[in-house]
Amino acid sequence: MSLLSVLRPPLEDAEIIDLYFARDERAISETDKKYRKYLLVVARNFVSAQEDCEECLNDTYVGAWEAMPPQRPSHLKAFLTSIIRRVSINKYNEMCRQKRVPSALTNSFDEIEMFVYEENASDELEAQRLGAIIGEYIKTLGKRQRYIFMSRYYMAEPIDKIASELSVSRSTVNKEIAAIKEGLRRALEREGYKI
Amino acid sequence: MKKEKFSEALNHIDYSFIEEYVEEKERINRERQRRTFVKRVAPLAATFIVFFTVIGIILGGNTSMLPAVPNENVSGDTSYEHVYVFEYGGRKYCAAFMNPNFNFGKQYVSDELGEIVATDKNGKTSSHKIFSSSLDTVDKEVFIEINGNYYPAYKSNKSNEKE
């Protein structure tokens, strides 16, 4: 990488997406230049080892390369977030099967384990249905609770980090999480899930 | 496996939630960076301001705080009703105003006669109170307060006062 390309500010998202559509390999390097740091932080929530994070990052770039085209995301960062989450969770599941070191995700998932019964979410269709119910529930949350829900359960972020980001105490976040869980439990029960 | 199913379900939530989350996170991070910057820079800035103010007072005898009322404009402008002259830092200044909010009368419970607003050479305005040594006599001493100090002033006939 030349010095000039390092000093040059990163491209706009739309320009990077255009590179993907033009099948120009600079799309990967530009994505890496702009989002590498952020994506590694996301991956670290799910898998702790640096080499695993790097592997997830590379798989994310491959995923983005394969998805664009045909997809043209309206928000590249969110798009990459969803890819790296999926990739990292797959990696996490693989690690669990191999009984390797767990991550922050373990704690975050332990909290919601009680909600999901295998017979309710046994296939892709069921996961979609459950996803839709959770989505409807998220819509009913306030802005802060929505942020906490996404941070904790979508991104598996530690409670301390969420508290620090929102400039509130850890116990405040815990209270909000308890309220969110209770609301989610009621929402799932209404839809016929036995909790 | 149960956890995996919940995680899988979250993959199907509306994409707009992810967008909203990412944007909110960016906003929070920007705000935190700004707060951190202010927290680090504010004490430094305050130290610099205090330092240079002290240096300015020591070296310049506080002349940078002078209210520089333009004498030239005052002397030729008959629209001013009241012009006071006072000396400050060895120079003579005019404080001119059209509609002073004071009255030389016994009804005053304090010796504060009014206030002038002066503009310094940098365009910065400052207000200065006018006091009299006597409440009931027009011709007694009048003082203008500048930065906590009182400087004697006398009433001008607004025609020939020049710096």
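Taken in order, these protein sequences are the chains called A and B. Number 125 in numbering that gives the first Met the number 0 belongs to position 126 of the first sequence; there are no gaps in the numbering. Number 72 in numbering that gives the first Met the number 0 belongs to position 73 of the second sequence; there are no gaps in the numbering. Glycine included, C-beta positions come from ideal geometry on N, C-alpha and C. These figures come from a predicted structure and were not determined experimentally.
Open item on the list: Would A/G130 pass as an interface residue toward chain E - the criterion being a Cβ-Cβ separation below 8 Å?
Closed with: Given the protein chain composition of this structure (A and B), no chain E is represented.
Task: Identity of the residue in A/D12, A/E190, A/Y91 nearest A/Y136 by Cα - done: What you label residue 136 of chain A is simply residue 137 of the first sequence in a count that begins at 1. When each option's Cα is compared against that of A/Y136, the closest is A/E190.
Task: Alpha carbon of A/D12 to alpha carbon of B/I56, nearest angstrom - done: Taking the first residue of the first sequence as 1, we reach residue 12 of chain A at position 13. Taking the first residue of the second sequence as 1, we reach residue 56 of chain B at position 57. Cα to Cα, A/D12 sits roughly 53 Å from B/I56.
Task: Neighbouring residues, chain A, relative to B/I27 (Cβ below 7 Å) - done: Working through the second sequence from its first residue, we reach residue 27 of chain B at position 28. Near B/I27 (Cβ distances below 7 Å), the residues of chain A are E164.
Open item on the list: Just checking: is the beta-carbon of B/F36 within a distance shorter than 8 Å of some beta-carbon in chain A?
Closed with: Residue 36 of chain B sits at position 37 when you count from the first residue of the second sequence. Chain A contact via Cβ: absent.
Open item on the list: Considering only the alpha carbon of each residue, which of A/G182, A/M149, A/C55 lies closest to A/K36?
Closed with: Reading the first sequence from its first residue, position 37 is the one you call residue 36 of chain A. The shortest Cα separation from A/K36 among A/G182, A/M149, A/C55 belongs to A/C55.
Open item on the list: Given this structure, state the Cα-to-Cα distance separating A/E195 from A/E175, to the nearest angstrom.
Closed with: In this structure chain A extends from 0 to 194, so residue 195 of chain A is not present and cannot be described.
TODO: In angstroms with no decimal places, state the Cα-to-Cα distance between B/I27 and A/E93.
DONE: Your numbering for residue 27 of chain B matches position 28 in the second sequence. Your numbering for residue 93 of chain A matches position 94 in the first sequence. Between B/I27 and A/E93, the C-alpha separation is close to 33 Å.
Task: Of the listed residues B/E7, B/F16, B/S6, nearest to A/Y146 (C-alpha basis) - done: Sequence index remark: in the first sequence, residue 146 of chain A carries index 147 (1-based). Checking every option, the nearest Cα to that of A/Y146 belongs to B/F16.
Task: Pair within 8 Å by beta-carbon distance, A/L38 and A/I83 - done: Along the first sequence, read from residue 1 onward, the residue named residue 38 of chain A stands at position 39. Along the first sequence, read from residue 1 onward, the residue named residue 83 of chain A stands at position 84. Taking 8 Å as the Cβ cut-off, A/L38 and A/I83 qualify as a contacting pair.
TODO: Can you tell me which of A/E123, A/L75, A/Q144 puts its alpha carbon nearest to the alpha carbon of A/I179?
DONE: Mapped onto the first sequence, residue 179 of chain A falls at position 180. That would be A/Q144, whose Cα lies nearest to the Cα of A/I179.
Open item on the list: Run through chain B and tell me which residues come within less than 7 Å of A/M67, C-beta to C-beta.
Closed with: Stepping through the first sequence from its first residue, residue 67 of chain A is reached at position 68. Simply none; closest approach about 15 Å.
TODO: Return the CA-CA distance between A/R128 and A/D23, expressed in angstroms with no decimal places.
DONE: As a position in the first sequence, residue 128 of chain A is number 129, starting the count at 1. As a position in the first sequence, residue 23 of chain A is number 24, starting the count at 1. Cα to Cα, A/R128 sits roughly 37 Å from A/D23.
- [ ] Check A/S166 in the structure and name its three-state DSSP category.
- [x] Here residue 166 of chain A refers to the residue found at position 167 when the first sequence is read from its first residue. In the structure shown, A/S166 sits in coil (DSSP, three-state: anything other than H, G, I, E or B).
Task: Interfacial residues, the segment 58-91 of chain A to chain B, with Cβ spacing under 7 Å - done: H74, K76, A77, T80, S81, R85, I88
- [ ] Taking only the alpha-carbon atoms, compute the straight-line gap between A/L124 and A/L187 and give it to the nearest angstrom.
- [x] Within the first sequence, residue 124 of chain A is the residue found at index 125, counting from 1. Within the first sequence, residue 187 of chain A is the residue found at index 188, counting from 1. Approximately 16 Å, taken between the alpha carbons.
Open item on the list: To the nearest angstrom, how far is the alpha carbon of A/L6 from that of A/K32?
Closed with: Indexing the first sequence from 1 puts residue 6 of chain A at position 7. Indexing the first sequence from 1 puts residue 32 of chain A at position 33. In a straight line, the C-alpha of A/L6 is about 11 Å away from that of A/K32.
TODO: For A/R96, collect the residues of the same chain with a Cβ closer than 6 Å to its Cβ; drop the 5 residues on either side in sequence, then sort them by chain order.
DONE: The sequence position of residue 96 of chain A within the first sequence is 97, counting from 1. Taken in chain order, the list of residues that qualify is empty.
Open item on the list: Please identify the residue among A/L18, A/A126, A/Y153, A/T30 whose C-alpha is closest to the C-alpha of B/E18.
Closed with: For the purposes of this step, residue 18 of chain B is identified with residue 19 of the second sequence, where counting begins at 1. Of A/L18, A/A126, A/Y153, A/T30, the residue nearest in Cα terms is A/Y153.
Open item on the list: Give the list of continuous alpha helix (DSSP H) stretches no shorter than 4 residues that lie fully inside the segment 55-105 of chain A.
Closed with: 75-96
- [ ] Could you please tell me which residues of the segment 8-21 of chain B, in chain order, have their CB closer than 8 Å to any CB of chain A?
- [x] A8, L9, N10, H11, I12, D13, Y14, F16, I17, E18, E19, Y20, V21
Task: Separation of A/E181 from A/E69, as counted between CA atoms - done: What you label residue 69 of chain A is simply residue 70 of the first sequence in a count that begins at 1. What you label residue 181 of chain A is simply residue 182 of the first sequence in a count that begins at 1. Position check: residue 69 of chain A holds Pro in this sequence, whereas Glu was assumed. Distance between the alpha carbons of A/P69 and A/E181 is about 40 Å.
Task: Three-state secondary structure (DSSP) of A/V46 - done: What you label residue 46 of chain A is simply residue 47 of the first sequence in a count that begins at 1. Correct three-state label for A/V46: coil.
Task: Cα-Cα separation, A/Q49 to A/E156 - done: Residue mapping note: residue 49 of chain A aligns to position 50 of the first sequence, counting from 1. Residue mapping note: residue 156 of chain A aligns to position 157 of the first sequence, counting from 1. Those two C-alpha atoms are separated by around 17 Å.
TODO: Have a look at A/A21 and A/V86 and give me their C-alpha separation to the nearest angstrom.
DONE: Here residue 21 of chain A refers to the residue found at position 22 when the first sequence is read from its first residue. Here residue 86 of chain A refers to the residue found at position 87 when the first sequence is read from its first residue. Each residue's alpha carbon lies about 25 Å from the other.
Open item on the list: Counting only beta-carbon separations shorter than 8 Å, does A/A26 have a partner in chain B?
Closed with: The residue given as residue 26 of chain A occupies position 27 in the first sequence. No, its Cβ sits nowhere closer than 8 Å to a Cβ of chain B.
TODO: Quick one: grab the DSSP three-state call for A/D12.
DONE: One-based indexing of the first sequence puts residue 12 of chain A at position 13. Looking at A/D12 - three-state DSSP - the assignment turns out to be helix.
Open item on the list: List, in chain order, every chain B residue whose beta-carbon is nearer than 7 Å to that of A/A126.
Closed with: Residue 126 of chain A sits at position 127 when you count from the first residue of the first sequence. By Cβ distance, chain B contributes K4, E7, A8, H11.
- [ ] Would you kindly report the start and end of the unbroken alpha helix (DSSP H) that includes A/R143?
- [x] Taking the first sequence and counting its residues from 1, one reaches residue 143 of chain A at position 144. A/R143 -> alpha helix (DSSP H) spans 142-148.
- [ ] Look at the alpha carbon of A/R185 and the alpha carbon of B/A8, and state the distance between them as a whole number of angstroms.
- [x] Here residue 185 of chain A refers to the residue found at position 186 of the first sequence. Here residue 8 of chain B refers to the residue found at position 9 of the second sequence. Cα-Cα distance, rounded: 17 Å.
TODO: Please classify A/D31: does DSSP put it in a helix, a strand, or coil?
DONE: Numbered from 1 along the first sequence, position 32 holds the residue referred to as residue 31 of chain A. Residue state, collapsed to three classes: helix.
TODO: Determine, using beta carbons only, whether A/Y34 comes closer than 8 Å to chain B.
DONE: Within the first sequence, the letter at position 35 stands for residue 34 of chain A. Answer no: the Cβ-Cβ gap between A/Y34 and chain B never drops below 8 Å.
Task: As assigned by DSSP and simplified to three states, the class of B/L9 - done: Indexing the second sequence from 1 puts residue 9 of chain B at position 10. Residue state, collapsed to three classes: helix.
Task: Assigned exposure category for B/R213 - 16 Cβ within 10 Å defines buried - done: Beyond the ends of chain B as shown, which are 0 and 162, falls residue 213 of chain B; an answer cannot be given.
TODO: Buried or exposed for A/S150, please, with buried defined as at least 16 other CB atoms from any protein chain shown within 10 angstroms of its CB.
DONE: For the purposes of this step, residue 150 of chain A is taken as the residue at position 151 of the first sequence. It counts as buried.
Open item on the list: For A/F148 and B/A45, I'd like the C-alpha separation in whole angstroms.
Closed with: If you number the first sequence from 1, residue 148 of chain A lands on position 149. If you number the second sequence from 1, residue 45 of chain B lands on position 46. Their Cα atoms are separated by approximately 40 Å.
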